[in-house]
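Chains as they are written, first to last, in the numbering used here: chain W, -9 to 351; chain R, -8 to 505. The beta carbon of each residue, even a glycine, is placed where N, CA and C say it ideally should be. Single-structure report; data block below.
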């Protein structure tokens, strides 16, 4: 007997929408098994993971703060992945955005400034993220260098640059030698939306970005170009679309969105540059993009769900003394189940009964 | 029926792929030493059946018998051990290896390459298939590559040789050579299963014919007792209307003029174009014949603008030098293009028909206003193409891959003909489509030319070009012969050009022996 994967003629549209939900359910079920194996009450642990982050307004605001960078980054990554451009380096572009935006905050520190500072920081952050993302794009189109490797390796370049800056030239002179920059002035902090929580303007920006991207993909010729290049590159050339120019465009957009997320995060939650500014948003956003089926609206929903696991993980650390690595396990399980569900969506599995003497073909 | 025990007997073969029944209770009996034709349109189930006979696929039901003994073939290696050899339509050769190395790889033993080379020379001489065992495959023509495959089979002393559309890649002269070889193979008592849709060939060389339609055997007959028309009718299931076409010659100024076009192919094993001159006049169909792989893809890419030329003035379109311009500039000047590959080049398989209408028409059909796609507009265009070209489909706007080959081809040809182009360049317009769709497409091309458009048809199907072209040129090793009027043009003369005589010494590929 053997298992045979054969391609389905037409995969159901409904199952396409349902499959991420099945993946989530399977993740929660395996989580329950995992907690039980660790000697914890699965119901209680799952409640801390998945219910405590949505239990009150303060928690909901935190959720929005965590979901914002994930949504911003994953929408950009979706554009890349739809067009077969594998930008894996959003984490680095996030950091570079924080560095570029932070440069303005530090330069205006202690000098007369005004309400233009934070918008300027956002612009600089987008330029920084896009500039870093353009490196793999140009290498790919000019020299056929694999963008997966270059974009990934540039993450370490950006992280080490930030590390050096906050230990060296940008270290706060009055900061007791801690490796961190000065606290940003009020004008250089991300604009908050409420007085009792940390939700900020970044969440509104993310919602606008989601809507713009959804409109781009469904209604605009450029969106068609993105889908076509990913679907059938030769047909895209026949349509007269330039693959190189599109590669630059989507890398620039996704880099800019990651950079924007970086400066919003630094300006909104830390208020200064530190050696580490991200719990891995740039990498988690890859999961978000796929869980959201590379669809901007899907990214919004998936981003909120992944943000729940981040906050749930922190809460579990406090309430259950679970290591933060459990969060990583959850995220890994989720990506695994998403991809597995997709495989079953595209292929059907059959058990083929074969004669005993046959060796597998 | 032969009274002797059949060499290979397939009974009640059923093979399903999902919902599609590719073979539906197929019976086939091949007698010893007989040349048996397997006839059918594309998609009739011929390839599925021979893959079962060669052990590549296992039937869902039914049985095979060899010499009257029931067998089950689980792999091609088992089939070869029994004495079944197969020459595929698409060769499985390593381009960078020599002829002898390729053959040695295919033989299951551990024979040294030098010994294989000696045997290879002996076999190839015995059957009139000259081959140099030391040459690398990439240097060889398609016809020579086919010889490798045939010799490779013959070296294993087959009792049944299966040939899948062997003449589709050959010139008329090479086809004659193949027939001579097959006569020798037959004389030695080896049976041949000959898969084709070329009816004249089948009538010439085959003793029996089994005709498949929609996965079922519709007839078994002696092809020599039938006419090509009666065979075609059995194959298609209805009478095929021939294209209405009388060759004409236009005296208008050419709409497309190509002067001394040379182009390096981006593909390392591609064919470079050198010094191509060509004129395409309004009102005429100009045909370009040639064996596959002689630069047709590169010529199409250069004319469409998918690859731009070195200088603008080598391609003059509507009086304007466009050699450096992209495909959409050329479309806006009135040109339209239909490439050879339907799925992946002419159309994106998983995108809807309206998206695929947008693909070719976004620069010319007014589908896009200030960056926004006019969705109702593209859908309306799909409806018009579907109605005008009889495209059969289920839902209103299905994915391109949901259409059958013939229906998708009608769509991709129709979406450009319907916008009344002043020039249509089409490559392999009826490759792999059913006879009904092919007839409709050919008639549409003729009608387009008669309405005053310039039409250029690049095709490997010589019969097709003789049916619809008004002038014809031949492409060989990236060079193009002068286009000649069809009146008085002999098939043999075209065949010689397809084989390269009359082109002078080749420079592009460095081929020194035929």
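Alpha helix (DSSP H) segment containing residue i, residue limits
i, result
"residue 93/R", "90 to 97"
"residue 483/R", "482 to 489"
"residue 26/R", "Residue 26/R -> not in any alpha helix (DSSP H); beta strand (DSSP E) instead, spanning 26 to 30."
"residue 51/W", "47 to 72"
"residue 105/R", "104 to 117"
"residue 44/R", "37 to 44"
"residue 233/W", "233 to 255"
"residue 217/W", "211 to 221"
"residue 400/R", "396 to 408"
Listed by chain order, chain R residues near residue i by CB distance under 7 Å
i, result
"residue 211/W", "353, 359, 362 and 364"
"residue 306/W", "In chain order: nothing, as chain R lies at least about 41 Å away."
"residue 334/W", "Within 7 Å Cβ-Cβ: nothing; residue 334/W doesn't reach chain R, min ~16 Å."
"residue 214/W", "346, 349 and 364"
Span separating the alpha-carbon of residue i from that of residue j
i, j, result
"residue 352/R", "residue 145/W", "41 Å"
"residue 101/W", "residue 239/W", "37 Å"
"residue 438/R", "residue 74/R", "51 Å"
"residue 360/R", "residue 317/R", "21 Å"
"residue 101/R", "residue -1/R", "29 Å"
"residue 123/R", "residue 137/R", "13 Å"
"residue 314/W", "residue 307/W", "6 Å"
"residue 150/R", "residue 180/R", "7 Å"
"residue 232/R", "residue 430/R", "7 Å"
"residue 79/W", "residue 272/W", "7 Å"
"residue 228/R", "residue 188/R", "14 Å"
"residue 230/W", "residue 261/R", "22 Å"
"residue 379/R", "residue 344/R", "15 Å"
"residue 309/W", "residue 49/W", "15 Å"
"residue 297/R", "residue 169/W", "54 Å"
"residue 301/W", "residue 171/W", "26 Å"
"residue 38/R", "residue 445/R", "37 Å"
"residue 31/R", "residue 211/R", "12 Å"
Contact list for residue i against chain W, beta-carbon separation under 7 Å
i, result
"residue 339/R", "218, 221, 222 and 225"
"residue 319/R", "230"
Where residue i falls: helix, strand or coil (DSSP)
i, result
"residue 128/W", "helix"
"residue 197/R", "coil"
"residue 78/W", "coil"
"residue 346/W", "A caution first: residue 346/W carries a pLDDT of 43, below 50, which makes its placement in the model too unreliable to give a value."
"residue 476/R", "strand"
"residue 312/R", "strand"
"residue 275/R", "coil"
"residue 174/W", "coil"
"residue 264/W", "coil"
"residue 20/W", "helix"
"residue 422/R", "coil"
"residue 122/R", "coil"
"residue 382/R", "coil"
"residue 230/R", "coil"
"residue 239/R", "coil"
"residue 82/R", "coil"
"residue 192/R", "helix"
"residue 224/W", "helix"
Within chain W, the residues that residue i reaches when beta carbons sit closer than 9 Å
i, result
"residue 336/R", "222, 224, 225, 227 and 228"
"residue 342/R", "214, 217, 218, 221, 222 and 225"
Residue range of the beta strand (DSSP E) that includes residue i
i, result
"residue 69/R", "Residue 69/R -> not in any beta strand (DSSP E); alpha helix (DSSP H) instead, spanning 67 to 73."
"residue 282/R", "Note, residue 282/R: premise wrong, no beta strand (DSSP E); not H, not E."
"residue -8/W", "-8 to -3"
"residue 31/W", "Neither: residue 31/W is in no beta strand (DSSP E) and is coded neither H nor E."
Residue i: contacting residues in chain R (beta-carbon distance under 9 Å)
i, result
"residue 241/W", "Ordered by position in chain R, no residue passes the 9 Å Cβ test against residue 241/W, which lies about 20 Å from the chain."
Within chain W, partners of residue i - CB distance below 8 Å
i, result
"residue 297/R", "227 and 228"
"residue 273/R", "Those do not exist, as residue 273/R stays about 24 Å from chain W at its closest Cβ, beyond 8 Å."
"residue 330/R", "228"
> Hey, which unbroken runs of the alpha helix (DSSP H) at 4 residues or more fall wholly within the stretch 314 to 346 of chain R?
Replying inline: 318 to 323
> What runs of the alpha helix (DSSP H), each 4 residues or longer, lie entirely inside the stretch 93 to 165 of chain W?
Replying inline: 107 to 133 and 137 to 157
>> Threshold first: 3 residues or longer. Then list the beta strand (DSSP E) segments lying entirely within the stretch 125 to 185 of chain R, N to C.
In response: 151 to 155
>> For a minimum of 4 consecutive residues, which ranges assigned as the alpha helix (DSSP H) are wholly contained in the stretch 280 to 343 of chain W?
In response: 286 to 309 and 315 to 336
> For the stretch 197 to 226 of chain R, which segments carrying the beta strand (DSSP E) assignment without a break, of at least 3 residues, lie completely within its bounds, in sequence order?
Replying inline: 199 to 204 and 207 to 212
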